[in-house]
Amino acid sequence: MAHNTIGAESGNLTQCPETGDLDQIWEWNKTVPAAINSPVHDLIHEQVEAHPDAPAVCSWDGSLSYAELDDLSSRLANELKTRGVGPEVIVPLCFEKSAWTIVAMLATIKAGGAFVLLDAKQPEARLQDIVSLTKAEFVVASPAQQDLTSKLSPEVLLVSHDILLSFPASIHSAPTIDSESTLFVVFTSGSTGLPKGVMSSHRSFVSGVHYRRSILELPSPRVFDFASYSFDVSTDIILSTLIIGGCVCVPLEWERHNDIAGAINRLEVNSADLTPSVARLIDPDHVPGLKVLKLGGELSSVTDVARWAPKTKLVNVYGPSECLLVAINILTVSGDPRTIGRGHGAVTWIVDPNDHNKLVPVGTVGELVVEGPIVTKGYLHDPERTASVFIDAPDWLRARQSPERPSCRLYKTGDLVHYNPDGTLNFVGRKDTQVKVRGQRVELSEVEHHIQQQLYSRTGRLINPIVELITVGASQGSRQMLVGFFAMSQVESVEPENEEQLRQAMWNLTKDLNKSLLKILPQYMVPSVYIPVWRFPLNSSGKTDRRQLQAAGSALSRQKLAALRAPAAGRAETATTVSQSRSAPHTFMEQRIQRMWSKALGLDLAEIYREGHFFQLGGDSLSAIQLATLATNDNLALTVQDIFDNPVLARMSTIVKPLFEQSLSLPSGEHTNGSASYVETYS
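Numbering follows full-length UniProt numbering, in which position 617 of the sequence shown is assigned residue number 617; successive positions increment by one, without gaps.
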C-alpha cells in the first residue's frame, strides 16, 4: 500500500531548541497512513459472502447470522429509501440494548444515510435537542421506546423482528456513495449549553479500523457491546466487529447493571472495551474467557494493570470522538499506565498549547495534534467551531509540503501530552475545562451554563458557579466527583467565618437544583455536591483560580463532603436538624447493609447512619453496581434499581432478601424508560 512520506530534514522548525529533536520528530511522523476509501457496508457485505452462516449478533433478544443480518437490514434499508434517506440524511435510532439496533444501523448505512444513536435513559429535553440538531424528519425506534420517541418526532418508524419480516425481501443494492459521506454522528458535551455533533465519515472510520486491526484482532472475536449508545465507543465496537467478521454480543440491560461478569461468560465474550472504573467492578478470575480487555475513557492506575495484565491482553486505547481511536498501548506490569502509545492511522504532533504554529521539543508538554485519515469531518451545522480545532497545515508542516507528502487535515485535541524517548505519548491532562466523568466527556462550561440558567429563573439574579472535577480519598480508594462552587459573598449577606451560615445559605440556594438539572442533563453531568466559599480565589492575571478551587475540593474529606450534601427527601432542611437526626443501624440487616456501604463508598462505619442516603454520601452509578455485587457475594438479592429506588439505609434493609428466597432467573426482556439513569459511563 502506498504511503505519503516527508523528508527527514529538519526544515523550518526553529521553534524547537535542539536540531536532534527536530530530526527525531520528523522521523516519527514522516509517514502519513493512506486513507482507506471503502464504504462500511461493502466491507460488511464481504463478510456476508465469505461467511454467511457465521454468527454476527448474539443478543438476549435474538441471534443473527451474517446472512440473516444482511437480509433484515436490506429489507429495512429499502423502507428507509422510500422515506427519503440518502447521503447526508441523518436518522436518529432509539433502542434499548438490542439486536435490532444493529439491524437499524446497517440498514441506514445501506440506504446511503447516516445515523445517530440515542440513549433512551438520557433526559427527554436533551434528546429533543439532539433530534432537532440533526434536522431529522423521523426517528427509528423499538416498540419499547415508542412513547418516548413520539415526543421527539412527529413520525416514528418502529422496528422489531416481525415488522422487519413484513417488509419485502431485497437483494443487497446499496447506493454508490462517496467515502467522505457521513457515516454517523455522535453528540458530546458542548460549551454553549447544547450538545455538539461530531460527524464521522466512512473514510475516517474504515481507515481507523484498518490500521489497528492487526493489533487488536482475535481469532473468532466475540465482542462485548457494553458501552452506552450515546458514546462513539458503542458504534465503534459494533461496526468494527462486523467489518472483521466477528460477533457482537449484546447483554440484557439488567445484566449491564447487576451482573457484568455473568453476561461476559454467558455470551462467551473474548474481547471487551471498558473504562477502568467499570473494570474494577469485575474480578479477573471470574471471566477466564476474556482474552483482550481494552481500557479507555480515563487513565488506568498501576493497580488496574497489576490486576488485569497477568490474566489477559490488556490494552490502553486513546481517542477523542473527533478521531475515534488514535493511539494504542499494550499495558504491562512494568510499564507506565500513563503511556497511551503511538498513533494508528495517523501521525501525532505536539504543539505549543497557545500557538499551533510552534512545535515543542521531545519531552516537553504540549497539545496533541492529530494528522491523518482518521480525522473526522467536523461538527454538525457548526462551521465556526469546526474551523477552530480542525485546521489546515500549520506553518511548520506547510513548509515541508510536497507532491510526495501533501499534508492532511489536522485536529487539535486539547489534550496535553509529551513524547517519550521512543516516540510514544504520555497523557498529562487538558488545556481547557473539558473533563472526563466516568469516561464521558463533559464541558464544565456547559454545566455552569445550565446551573446559571436554573438559578436565574428561580432567583432573578445572575449567579456564576464554578464546576470542577475533584478527586476524593486516598489513591487506592479514590473517586472522582463533579462538584459546584459558589462564592457566597455574591449570593447572601453571611459572615465569612461562619461555616454554618455559609452551608445553610448554600443549601437554600441549591435546594431542588439537581432535580431541575436532571431534566435537561445526563446524570453524569450533574454535580454531586455544592461547596460554599466566601470568595473565589484569583490567579496572578486576575482570573478565577480554578486549580486552587479544585485542590481545595480534593482536600476535603469524605465526611466533610457528605455533610455538605443537601438533605434527603423527607428530611428536615436545615443543617442543624440534619446533624441531629442520626442514629446508628440497630437491626442485623441494617448492620450488614452498613458494612457493604462502607466498602462501596470508602467510608468508616461510624459515618454511616440508618437515615443515610446512599447517593448523598458519595454514591454514584458505579458504586451502586459495586454495592449490588457486594450484596450478591454476601448472598443477598439487591439490584442497582433497588438501590436507586431505596437509597436510604433503613429502607434499603427492608427490601433486601436472601438470595435463596428469590429466583435468580433473569428478568424478561421488557425495557422501560425508568427514572434511574445508571451505568452512564463510556462503557
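Built from N, CA and C at the ideal position, the CB exists for glycine as well.
Residue from the options whose Cα sits closest to the Cα of residue i
| i | options | result |
| --- | --- | --- |
| Ser407 | Ala54, Gly429, Arg458, Thr348 | Thr348 |
| Ser179 | Leu462, Val483, Ile374 | Ile374 |
| Ile409 | Gln454, Ser204, Thr275 | With the sequence shown as reference, residue 409 is identified as Arg, and Ile is not the correct amino acid for it. Per the Cα distances, Ser204. |
| Ala144 | Ser98, Ala107, Phe138 | Ser98 |
| Asp21 | Trp597, Val640, Leu359 | Leu359 |
| Phe167 | Glu79, Ala628, Leu157 | Glu79 |
| Val428 | Leu444, Glu371, Pro353 | Pro353 |
| Glu371 | Thr364, Asn357, Gly345 | Gly345 |
| Tyr530 | Ser623, Asn514, Glu268, Asp42 | Asn514 |
| Leu538 | Leu549, Asp336, Arg280 | Leu549 |
| Ser74 | Leu601, Ser189, Val103 | Val103 |
| Gly414 | Lys436, Ala393, Thr424, Ala399 | Lys436 |
| Leu638 | His257, Arg222, Ile243, Gly341 | His257 |
| Pro123 | Pro522, Val656, Val526 | Pro522 |
| Arg126 | Asn464, Ile625, Leu194 | Leu194 |
| Leu72 | Ser388, Ile109, Arg610, Ala169 | Ala169 |
Three-way DSSP call (helix, strand, coil) for residue i in this model
| i | result |
| --- | --- |
| residue 691 | No answer is possible for residue 691: it lies beyond the span of the chain, which begins at 1 and ends at 683. |
| Thr576 | Here the model assigns Thr576 a pLDDT of 45, short of 50, so the residue's position is not dependable and the matter cannot be decided. |
| Ser665 | In this prediction, Ser665 scores a pLDDT of 46, lower than 50, which makes its location untrustworthy; the coordinate-derived value is nonetheless stated afterwards. Note: Ser665 maps to coil in three-state DSSP. |
| Lys599 | helix |
| Gly11 | Low local confidence applies: a pLDDT of 39 at Gly11 is under 50, so the model's placement there is unreliable, with the coordinate-based value given in what follows. Coil, per DSSP. |
| Tyr318 | strand |
| His45 | helix |
| Gly570 | Because Gly570 sits at a pLDDT of 34, beneath the cut-off of 50, its placement in the model cannot be relied upon, and the following sentence gives the value as read from the coordinates. Correct three-state label for Gly570: coil. |
| Ile282 | coil |
| Val648 | strand |
| Glu371 | strand |
| Gly208 | helix |
| Glu588 | As written in the sequence, residue 588 is Phe, which differs from the Glu given in the question. Looking at Phe588 - three-state DSSP - the assignment turns out to be helix. |
| Thr376 | coil |
| Leu22 | helix |
| Asn37 | coil |
| Asn673 | Bear in mind that the predicted position of Asn673 carries a pLDDT of just 41, short of 50, making it unreliable; the figure below should be weighed with that in mind. Looking at Asn673 - three-state DSSP - the assignment turns out to be coil, as it is neither helix nor strand. |
| His257 | helix |
| Leu252 | coil |
| Glu607 | helix |
Integer Cβ distance of residue i from residue j, believed to fall under 8 Å
| i | j | result |
| --- | --- | --- |
| Val315 | Val292 | 7 Å |
| Ser301 | Leu331 | Going by Cβ atoms, the distance from Ser301 to Leu331 rounds to 11 Å, so no, they are not a contact pair. |
| Trp100 | Val159 | 5 Å |
| residue 735 | Ile451 | With the chain running from 1 to 683 in the structure shown, residue 735 is simply not present. |
| Gly197 | Leu239 | Gly197 to Leu239, Cβ: 18 Å. No contact. |
| Met488 | Trp534 | 6 Å |
| Val91 | Val140 | 6 Å |
| Pro421 | Cys247 | Going by Cβ atoms, the distance from Pro421 to Cys247 rounds to 40 Å, so no, they are not a contact pair. |
| Leu649 | Pro585 | 7 Å |
| Lys294 | Val326 | Contact flag wrong, Cβ pair sits at about 13 Å. |
| Phe231 | Leu274 | Contact flag wrong, Cβ pair sits at about 12 Å. |
| Ser201 | Thr176 | Incorrect: roughly 15 Å between the Cβ atoms, too far for contact. |
| Leu290 | Trp60 | The Cβ separation is near 19 Å, so there is no contact. |
Residue span of the beta strand (DSSP E) that contains residue i, given as start and end
| i | result |
| --- | --- |
| Lys196 | 196-201 |
| residue 715 | Since the displayed the chain opens at 1 and closes at 683, residue 715 lies outside it and no answer follows. |
| Ala272 | 271-274 |
| Ala327 | 327-330 |
| Gly619 | It is not in any beta strand (DSSP E) - Gly619 carries neither H nor E in the DSSP assignment. |
| Cys94 | 90-94 |
| Pro337 | No beta strand (DSSP E) holds Pro337; DSSP gives it neither H nor E. |
| Arg222 | 222-224 |
| Trp349 | 347-352 |
| Cys58 | 55-59 |
| His613 | Note, His613: premise wrong, no beta strand (DSSP E); not H, not E. |
| Lys30 | No beta strand (DSSP E) holds Lys30; DSSP gives it neither H nor E. |
| Val656 | Unbroken run through Val656: none, as it is neither H nor E. |
| Val85 | Val85 -> no beta strand (DSSP E), and no H or E assigned at all. |
N-terminal and C-terminal residue of the alpha helix (DSSP H) that residue i is part of
| i | result |
| --- | --- |
| Ile109 | 99-110 |
| Tyr66 | 66-82 |
| Thr386 | 383-389 |
| Trp396 | 395-398 |
| Val233 | 232-243 |
| Gly262 | 260-266 |
Test: residue i CB closer than 8 Å to a CB of chain B
| i | result |
| --- | --- |
| Leu164 | The structure shown contains no chain B, having only a single protein chain. |
Practice problem: Only counting runs of 4 or more residues, tell me where the alpha helix (DSSP H) segments fall wholly within the stretch 113-170, in order along the chain. | Solution: Listed in chain order, the complete alpha helix (DSSP H) runs (minimum 4 residues) inside the stretch 113-170 are 124-134, 146-149, 161-166.
Exercise. Go through the stretch 420-476 residue by residue and report every complete run of the beta strand (DSSP E) that reaches 3 residues or more, in order.
Key: Unbroken beta strand (DSSP E) runs of no fewer than 3 residues, entirely contained in the stretch 420-476, are found at 425-430, 434-437, 440-443, 466-472, following chain order.
Exercise. Pick out the complete beta strand (DSSP E) segments inside the stretch 486-564, 3 residues or longer, and give them in chain order.
Key: Correct list: 529-533.
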